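Written out below as structure tokens is the structure these notes cover.
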Amino acid sequence: MQLKKRYQPGPVSTSLALATCALLGVPAMAEEADKWQVDGSMLLYSETDRVSAIEPVIKASRTFKNESKLDLKLTVDSLTGSSHNGAAVTNGPQTFTSPSGNKVYQINAGDVPLDDSFLDTRVALSGQYSWLLNRTLRATSGINFSNEYDFFSVGANAGLNWDLNQRNTTLSFLLGLESDTIEPVGGVPEALSLQPDQLRTDSSESRTVTDVLLGWTQVMNRRWIMQLNYNLSLASGYMTDPYKVVTLTDGAGTALESESLGGVDIGIGDAQIFEQRPDSRTRHALYWENRYSRENDDVIAIGYRFMTDDWGINSHTLDMKYRWQLDRGWFLQPHVRYYIQSEADFWYESMTAPEYTTVLASNDYASGDYRLGKLTDLTVGLKVGRELPSGRKWDARLEFMQQSGDTDAADVSAVIGQVGYRFYW
Amino acid sequence: MAGETRLTRTSDGWLGRFTAMASPCEVQLRDVSRSTAEQVLKRVAGEAWRVEQRFSRYRDDNIVAALQRANGEWLAVDEEFERLLAYADTCWQLSGGRFDVTSGVLRRVWRFDGSDRVPSADQVAALLPLIGWDRVERRPGQIRLPAGMELDLGGIGKEYAVDRALLLAREHTDADLLLNFGGDLVADGKTPWQIGIENLQQNGVAGQIPLARGAVATSGDSRRFLLRDGKRYSHILDPRTGWPVQGGPHSVTVAAARCTEAGMLATLALLQGAGAEPFLRAQGVRYWCLWE
Amino acid sequence: MRRLLIMLLLLPSLLRAEGVTAEQFSPSLYPDAKVIYVDFWASWCVPCRQSFPWLTQMQARYGAEGLKIVGINVDRRREDAQRFLAEHPAGFDLVMDPAGKLAARYQLQGMPSAVLLAPDGTELERHIGFRADHLDEYEATLRRLLAERN
Amino acid sequence: MRVLTLLGCLLLVSGCQNLGVNPWEREVLAREAMIPGVADGLDDAFDDHIYFSKEGSSGGRGFGGGGCGCN
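Printed below as a string of structure tokens:
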């Protein structure tokens with residue numbers, strides 16, 4: 001080996017600096033690309049006097065050398081407490097059977113009828129894989145399963161994301177198919193029949209849902225991005241909630257007696273009929289999201305959704321977040337969500353005997369579920385989090401939700417708490 | 426290799442200590458939790474011990490020892506060792522042969538213990554055939570060291586460990602931090618650290634400089650020399666002659682972006698002897714020389 | 718203020734721009750090079766993190782054969798680039814282009830982008846993006862171009 | 868109605884060619900907080916699930932997760 005150049009005692013610092021970088025210029029740490037990004041999160045949801053849920057989720061994502069990406073997600077959702085059974089608040093006591101039909105329970109005058117045998121655990125698993133077809137076209141495909149005591153769901157989806165205008169515009173198309181099987185506790189009740197009669201068939205029901213999503217994401221300028229989605233959802237099959245009833249009243253706020261309508265007598269105020277919903281539903285949802293970053297790196301996010309369906313429900317959702325970027329990776333994020341919906345065409349707070357006769361004669365639809373009635377929801381919350389070196393981060397949020405509608409059943413207040421942590425493995 | 430680490434609280438953060446490469450080592454951190462400080466300390470100490478274990482010439486279970494045992498045969502080397510060799514090669518080129526990782530054999534006759542045992546010219550001349558980076562053959566993934574020659578990465582190892590440790594520490598925290606391995610140090614953060622520099626004191630200047638980001642390394646040792654017939658022999662040996670460099674400073678401290686770079690500039694300056702200061706001035710870096 | 722001055726003096730920059738500014742940059746600055754590999758990068762660009770070790774390796778491997786790698790940084794904030802370099806050492810030359818002048822001159826279509834030039838400014842090759850599964854391909858291109866021009 | 872919406876979108880898209888930024892100007896847009904569907908991590912899925920089971924609406928943001936027999 002010879003000295004390549006004649007030695008001059010001149011400046012060597014630049015060459016030395018380069019050589020030092022060459023010496024150190026290997027990834028000192030394993031790059032994120034070679035690792036799984038793991039997001040773990042735990043949600044606690046608690047309604048005053050009603051449902052409580054604890055929902056741990058773990059999601060692992062990995063980007064491969066060819067820039068394809070795999071997401072795997074496991075959700076466990078454990079519910080306890082009681083939920084509204086669909087019946088009206090009346091000025092006399094009411095009597096119901098439990099979902100299985102084996103037990104009878106009474107609700108006092110003026111109370112929201114809640115069924116307290118509500119206990120369920122859901123386990124959901126999903127996998128999504130996306131890969132590049134070419135530099136601007138990405139394909140995605142996924143499957144998901146969800147299982148609970150009385151419900152099983154399997155779904156698949158496939159779609160394309162197409163980058164245009166130097167990635168300033170992205171068009172997406174996604175098609176999803178889902179098949180659900182419902183096996184109600186105690187059998188499938190006969191719709192519109194009196195609950196005390198316990199007319200049930202020991203069978204299962206099913207439905208299919210087809211979703212189409214068209215998305216358009218647009219970079220407006222250096223600090224503003226916008227997304228517009230149109231989502232068409234077609235559901236057909238059994239959409240009725242087998243555990244929900246509609247109360248028959250005298251029109252003055254007192255529940256009728258089942259025996260007066262030729263039914264079995266199980267107690268006072270027991271004229272409750274099993275609900276019936278249409279066997280198809282077409283939903284259109286338009287979603288618009290804007291994200292704007294201020295000069296100081298704070299981000300304003302505003303989302304608006306309009307939804308309309310052929311059940312007569314129209315809804316507007318406004319969702320606003322302000323991400324307040326602090327020093328050393330800390331951030332605070334206040335959140336406000338406002339939601340308003342109109343009632344479904346077949347929603348009844350309660351039904352009179354003549355109305356029942358008409359509905360029964362034409363095999364029409366009826367539901368007393370407050371979630372299909374008029375509803376106004378307000379959620380406010382605050383999230384705090386910190387981004388740590390090498391991509392780790394944690395966050396925690398606390399939110400309060402208040403629902404209200406035309407009936408007391410719709411008055412639900414809930415606390416949402418969540419903690420999350422991300423790391424690379 | 427494992428050792429002990431100790432973490433203590435300071436007025437504005439944490440101080441971690443351990444021993445590696447025969448030097449006291451320190452990690453200083455501001456504004457982090459105890460658990461983060463512990464993680465960083467563990468990682469930094471682990472890296473220091475790893476580098477020491479891998480490249481120390483005082484061990485018989487590493488690549489350096491294996492190379493001696495290869496006795497003139499080709500030996501497969503890993504990618505990290507190859508990078509260090511490439512760096513040593515660059516330094517040899519840049520110094521006109523003054524920096525040479527094969528010059529360690531001179532220690533057989535030179536022992537700088539303050540005595541007057543200066544070797545004879547013949548003793549030194551007898552070793553010269555065993556010195557010369559240009560006699561080392563390299564090909565991708567392999568190296569061949571002529572029999573009898575030795576390799577000593579001591580002039581790079583400690584500073585390299587400092588730089589590596591910083592990169593690894595950054596995996597755990599983005600807080601202000603200072604790594605100090607026996608005087609070779611690197612700082613990275615927003616608020617400056619006060620760095621004491623031995624050499625500054627003798628000028629009557631404050632012995633501290635503020636350093637927020639960057640590295641400082643020192644080469645040379647004023648306590649190691651030989652004295653004979655009123656002539657002082659410094660421990661800086663010119664591998665081309667086998668004799669000490671004359672007329673240079675005892676030690677040189679340099680500030681640069683990275684510790685390896687600072688350490689090498691200091692070493693190269695010492696090897697210039699009397700030309701040390703002009704050399705350092707030409708590099709456009711901050712430096713401190715300690716003369717007699 | 719004086720304290721600050723000392724600090725600045727002592728902040729050895731990780732940006733060894735060798736004094737070449739975006740305005741001054743031209744392939745003719747490297748007359749001895751056979752192939753000038755201009756790599757446009759930014760601290761926020763994820764694949765850039767993977768590209769740095771590779772570029773450093775290529776500069777070390779083919780520098781003697783006439784490869785000159787110049788990394789052009791398009792971060793608007795200099796400190797973002799500094800932070801990136803502290804974690805990802807660059808064993809090649811760097812030029813700062815915070816206003817994107819060079820990026821515009823070479824009409825980049827994506828980030829990162831590599832533009833391979835001859836010293837006379839002729840564009841020899843270009844690729845958009847940096848994919849870990851294409852490293853062999855990138856290196857083969859370098860080797861081919863260097864062979865053609867040596 | 869749907870055809871019209873689609874047509875409108877197409878028109879908008881073609882008009883959007885002068886919107887947007889150069890590839891090297893995405894430092895703000897590259898931040899996770901600026902990416903719809905990514906910015907809030909798992910929150911979106913949690914929220915979708917909560918409100919899907921408490922309200923008569925769903926959809927819009929995307930789909931492909933789980934299903935639930937609660938509505």
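These protein sequence lines map, in sequence, to chains A, B, C and D.
So for the first sequence, the numbering used here puts the first residue at 1; every next one is plus one.
So for the second sequence, the numbering used here puts the first residue at 426; every next one is plus one.
So for the third sequence, the numbering used here puts the first residue at 718; every next one is plus one.
So for the fourth sequence, the numbering used here puts the first residue at 868; every next one is plus one.
Positions of the beta carbon are idealized from the N, C-alpha and C atoms, including for glycine.
Please read these numbers as outputs of a predicted model, since none were measured by experiment.
{"Asked": "Chain C residues whose Cβ lies nearer than 8 Å to that of lysine 65 of chain A", "Found": "Arg848, Ala849 and Asp850"}
{"Asked": "Contact belief for alanine 798 of chain C with tryptophan 891 of chain D at Cβ below 8 Å, rounded distance in angstroms", "Found": "Contact flag wrong, Cβ pair sits at about 13 Å."}
{"Asked": "Chain A within 7 Å of alanine 897 of chain D, Cβ atoms only", "Found": "no"}
{"Asked": "Closest residue to isoleucine 268 of chain A among A/Thr247, A/Glu275, A/His284 and A/Phe274 (Cα-Cα distance)", "Found": "A/Thr247"}
{"Asked": "Through-space distance from leucine 593 of chain B to phenylalanine 506 of chain B, alpha-carbon basis", "Found": "18 Å"}
{"Asked": "Backbone secondary structure at phenylalanine 173 of chain A - three-state DSSP", "Found": "strand"}
{"Asked": "Minimum Cβ-Cβ distance from alanine 807 of chain C to chain E less than 7 Å", "Found": "The structure shown contains no chain E; the protein chains it does contain are A, B, C and D."}
{"Asked": "Chain D residues whose Cβ lies nearer than 7 Å to that of serine 430 of chain A", "Found": "Lying before the first or after the last residue shown, residue 430 of chain A is absent from chain A, which here runs from 1 to 425."}
{"Asked": "C-beta neighbour in chain D for glutamate 289 of chain A, strict 7 Å", "Found": "yes"}
{"Asked": "Inter-residue CB distance, valine 787 of chain C and valine 755 of chain C (contact presumed, cutoff 8 Å)", "Found": "5 Å"}
{"Asked": "Cβ contact (3+ pairs, closer than 8 Å) linking the segment 181 to 197 of chain A and the segment 893 to 904 of chain D", "Found": "no"}
{"Asked": "In DSSP terms, what lysine 321 of chain A is bridged to", "Found": "A/Ala301 and A/His335"}
{"Asked": "Which residues DSSP lists as bridging phenylalanine 145 of chain A, in chain order", "Found": "A/Leu125 and A/Val154"}
{"Asked": "Nearest neighbour of alanine 551 of chain B, chosen from B/Gly566, B/Val561, B/Met574 and B/Phe537 [CA to CA]", "Found": "B/Met574"}
{"Asked": "Contact with chain D by alanine 820 of chain C, beta-carbon distance below 7 Å", "Found": "yes"}
{"Asked": "Test: valine 905 of chain D CB closer than 7 Å to a CB of chain A", "Found": "no"}
{"Asked": "CA-to-CA distance, serine 13 of chain A to glycine 709 of chain B, given in whole angstroms", "Found": "8 Å"}
{"Asked": "For proline 449 of chain B, the three-state DSSP class (helix, strand or coil)", "Found": "strand"}
{"Asked": "CA-to-CA distance, glutamate 804 of chain C to glycine 827 of chain C, given in whole angstroms", "Found": "23 Å"}
{"Asked": "Residues within the segment 579 to 603 of chain B neighbouring chain C, beta-carbon criterion of under 7 Å", "Found": "Leu592 and Arg595"}
{"Asked": "Same chain only: Cβ atoms within 6 Å of leucine 332 of chain A, ignoring 5 sequence neighbours per side", "Found": "Trp324 and Val384"}
{"Asked": "Supposed close pair aspartate 115 of chain A, serine 83 of chain A - CB separation, criterion 8 Å", "Found": "6 Å"}
{"Asked": "7 Å Cβ cutoff met for threonine 598 of chain B and valine 465 of chain B", "Found": "yes"}
{"Asked": "Test: valine 384 of chain A CB closer than 7 Å to a CB of chain B", "Found": "no"}
{"Asked": "Proximal residues of chain B, C-beta to C-beta of alanine 396 of chain A below 8 Å", "Found": "Chain B residues near alanine 396 of chain A: none, gap ~16 Å exceeds 8 Å."}
{"Asked": "Top-ranked residue by Cα proximity to aspartate 369 of chain A, from A/Asn161, A/Thr240 and A/Ile143", "Found": "A/Thr240"}
{"Asked": "Inter-stretch contact (C-beta, 8 Å, three-pair minimum) for the segment 574 to 586 of chain B and the segment 680 to 697 of chain B", "Found": "yes"}
{"Asked": "Touch test, the segment 534 to 545 of chain B against the segment 652 to 668 of chain B, Cβ-Cβ under 8 Å, three pairs minimum", "Found": "yes"}
{"Asked": "Beta carbon of glycine 40 of chain A nearer than 7 Å to that of isoleucine 54 of chain A", "Found": "no"}
{"Asked": "Interface residues of the segment 682 to 699 of chain B facing chain A [CB-CB below 8 Å]", "Found": "Ala682, Arg683, Thr685, Glu686, Met689, Leu690, Leu693 and Gln697"}
{"Asked": "Within-7 Å CB hit, glutamine 708 of chain B to chain A", "Found": "yes"}
{"Asked": "Cut-off 8 Å between Cβ atoms - residues of its own chain near valine 895 of chain D, not counting five sequence neighbours on either side", "Found": "Met901"}
{"Asked": "Residues of its chain near glutamate 740 of chain C, where Cβ-Cβ distance is below 8 Å and the 5 sequence neighbours each way are ignored", "Found": "Lys818"}
{"Asked": "Contiguous beta strand (DSSP E) assignments of at least 3 residues, all confined to the segment 495 to 572 of chain B", "Found": "499 to 501, 562 to 564 and 567 to 569"}
{"Asked": "Backbone CA spacing between glutamate 259 of chain A and proline 93 of chain A [nearest angstrom]", "Found": "16 Å"}
{"Asked": "Rounded separation between glutamate 295 of chain A and arginine 482 of chain B - CA only", "Found": "55 Å"}
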